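Below is one structure; the comments refer to it alone.
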Amino acid sequence: MMDVRSDRDLLLTAFADGELDEAERAEVEALLAADAEGALRVADDRALSSLLRASLEEAADVVDFTGFADAVLARLPAARPPLGARLRALFGTVFGQRPFQFALGAAAAAAIAVVASPYLRSHERPRMLLAGDPSLTQVLDLDALGDHETMLFKTSGGATIIFVQESP
Amino acid sequence: MKFVRTLAVAAVLAGALVPGAALGAPKATVAVDVVLASKEPGETDPRLAKFRMQFADFAYKSFKLLGSRLITVEEKESARVDLAGEHKLDVTFTKLDAKGRARLKLSVPGVLQTNVSLARDGSVVVGGPALKSGNGVLFVPVTLVEAR
Chain A
107 MMDVRSDRDL
117 LLTAFADGEL
127 DEAERAEVEA
137 LLAADAEGAL
147 RVADDRALSS
157 LLRASLEEAA
167 DVVDFTGFAD
177 AVLARLPAAR
187 PPLGARLRAL
197 FGTVFGQRPF
207 QFALGAAAAA
217 AIAVVASPYL
227 RSHERPRMLL
237 AGDPSLTQVL
247 DLDALGDHET
257 MLFKTSGGAT
267 IIFVQESP
Chain B
1211 MKFVRTLAVA
1221 AVLAGALVPG
1231 AALGAPKATV
1241 AVDVVLASKE
1251 PGETDPRLAK
1261 FRMQFADFAY
1271 KSFKLLGSRL
1281 ITVEEKESAR
1291 VDLAGEHKLD
1301 VTFTKLDAKG
1311 RARLKLSVPG
1321 VLQTNVSLAR
1331 DGSVVVGGPA
1341 LKSGNGVLFV
1351 PVTLVEAR
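First to last, the protein sequences are chains A and B.
Under the numbering used here, the first residue of the first sequence carries the number 107, and numbering increases by one thereafter.
Under the numbering used here, the first residue of the second sequence carries the number 1211, and numbering increases by one thereafter.
Following this line, the structure appears as structure tokens:
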């Protein structure tokens, strides 16, 4: 019996707070039409609820909440997500929506890089010839062939030159 | 299925990011320039200004860039470059040492052979092979562009 009473109280409180769906609300309204005590209880609950809300709003009005959210966030420790989470955040949209297109694009980029790299490298070459740092070059051995003779020298600019000429 | 897809994408990305040379034998990329020095007066290519200054005492009056080649040679392998006339240059990548220097064997058949150690951007000039036509001599700067 106690449980039935509690259920009725909870139901009326929920009705007073507007927490019931349409069917439940219609059912309670039908019951209250024949239950004067229940209707009085609902009226009391609504009055109490309004009074409480008004009191809390009045109390809140005198508090300055400026910067409240920033202050709360500032108290949170800085958290660096794991690498996997950051990568998912970075690529998640692409992977999730168009994974095959992304894979095709990556494959195409790789193919272009492979094909184009020799040309790119050729443009990176230093074009001023006979320049150089002598420390970058070391002649380990040198042999003249046939009736030739060789000379090894370094220019004042640091270039290493092997000069060969026919023997007189 | 999702795992397989992720694996496939990761493989493609890895293929794009990992240098191809890192997957096989060491390779050396070498620039070979062929310069013709002549005692006949003439214009000198601006890129060869240093040649003109350096070899003024050798009576060479003009320098012309006949061609440039960029070759990639695997370790223990050779590549041949046609210079001019009958002259050719064989470049053999003999070794990549611990400091990243490439050891190259340079050979002009019938003329000379030498072993050099070049760091990146290091250069050695093989000069003097004469053209049989009598129209000057060759200077061949050999520059290590990259080795890994």
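Where is the CB? At the ideal position from N, CA and C, for every residue including glycine.
Keep in mind that this is a model prediction, so the values were computed, not measured.
- prompt: Is PRO1251 (chain B) buried or exposed, if buried means 16 or more other CB atoms sit within 10 Å of its CB?
  reply: exposed
- prompt: With 16 other CB atoms within 10 Å as the buried threshold, where does VAL1283 (chain B) fall?
  reply: buried
- prompt: Which residues bound the beta strand (DSSP E) around PHE1349 (chain B)?
  reply: 1347-1357
query: Residues of chain A with a CB under 7 Å from the CB of PRO1236 (chain B): which are they?
result: Here the premise fails: no neighbours, minimum Cβ distance about 16 Å.
message: Whether or not the segment 1321-1339 of chain B and the segment 256-273 of chain A are in contact is what I'm after, with contact meaning three or more pairs of Cβ atoms, one per stretch, closer than 8 Å; do they touch?
response: yes
message: Here's the rule: buried if 16 or more other CB atoms are within 10 angstroms of the residue's CB, otherwise exposed. What is PRO1339 (chain B)?
response: buried
- prompt: Going by other Cβ atoms of all chains shown within 10 Å of its Cβ, with 16 needed for buried, is LYS1237 (chain B) buried or exposed?
  reply: buried
task: Check the Cβ-Cβ distances between ALA1329 (chain B) and every residue of chain A, and say whether any is below 7 Å.
output: yes
- request: Please classify ASP94 (chain A): is it buried, with 16 or more other beta-carbons within 10 angstroms of its beta-carbon, or exposed?
  value: Nothing can be reported for residue 94 (chain A): it is not among the residues displayed for chain A, which extend from 107 to 274.
query: GLY252 (chain A) versus chain B: which residues are under 8 Å apart at the beta carbon?
result: GLY1320, VAL1321
message: I'd like the list of long-range same chain contacts for SER155 (chain A), defined as Cβ closer than 8 Å, with 5 residues on each side in sequence excluded.
response: ALA122, ASP123
- request: Determine the direct distance from the alpha carbon of SER1288 (chain B) to that of SER1248 (chain B), and round the result to whole angstroms.
  value: 30 Å
task: Could you tell me whether the Cβ atoms of GLY1277 (chain B) and VAL1321 (chain B) are closer together than 7 Å?
output: no
- prompt: ASP1331 (chain B) and LEU193 (chain A) look like a contact to me (Cβ under 8 Å); what is the Cβ gap, rounded to whole Å?
  reply: In fact, because the Cβ distance is near 36 Å, the residues do not count as touching under 8 Å.
field: Backbone secondary structure at ARG1290 (chain B) - three-state DSSP
entry: strand
query: chain B beta carbons: is any one of them nearer than 7 Å to that of GLN207 (chain A)?
result: no
- prompt: When DSSP labels each residue in this structure, what does ALA1329 (chain B) get in the three-state scheme?
  reply: coil
- request: Evaluate GLY1346 (chain B) with the Cβ neighbour count: other Cβ atoms within 10 Å of its Cβ, from every protein chain shown; 16 or more gives buried, anything less gives exposed.
  value: buried
- request: Quick one: list the residues of chain A neighbouring GLY1337 (chain B), beta-carbon separation under 8 Å, in chain order.
  value: ILE267, ILE268, PHE269, VAL270
- request: With a cut-off of 8 Å on the beta carbons, I'd call VAL1301 (chain B) and LEU1316 (chain B) a contact; round off their distance for me.
  value: 6 Å
query: Sorted by chain position, which residues of the same chain lie with C-beta nearer than 6 Å to PRO1351 (chain B)'s C-beta, five sequence neighbours on each side aside?
result: ASP1243, SER1333, VAL1335
task: Check the C-beta distance from PRO1159 (chain B) over to LYS1305 (chain B) and give it rounded, since I have them as a contact under 8 Å.
output: For chain B, the structure presents residues 1211 to 1358; residue 1159 (chain B) sits outside this window and is missing.
- prompt: Does the beta carbon of LEU189 (chain A) come closer than 7 Å to any beta carbon on chain D?
  reply: Absent from the structure: chain D. Protein chains present are A and B.
- prompt: What residues in its chain sit with their C-beta under 8 Å from that of GLU1296 (chain B), if we drop five residues either side in the sequence?
  reply: LYS1342
task: Spell out whether any CB of chain B is found under 7 Å from the CB atom of LEU193 (chain A).
output: no
query: When the cut-off is 7 Å and only beta carbons count, does LEU182 (chain A) lie next to chain B?
result: no
- request: Just the chain B side, please: which residues come within less than 9 Å of VAL245 (chain A) by C-beta, in chain order?
  value: THR1324, ASN1325, VAL1326, SER1327, VAL1334
- prompt: Just curious, the alpha helix (DSSP H) that SER273 (chain A) is in, first and last residue?
  reply: SER273 (chain A) -> no alpha helix (DSSP H), and no H or E assigned at all.
message: For ASP170 (chain A), would you say it is in contact with chain B, using Cβ-to-Cβ distances shorter than 7 Å as the test?
response: no
task: Please decide whether LEU248 (chain A) counts as near chain B, where near means a Cβ-Cβ distance under 7 Å.
output: yes
- prompt: VAL134 (chain A) lies in the alpha helix (DSSP H); which residues open and close that run?
  reply: 128-138
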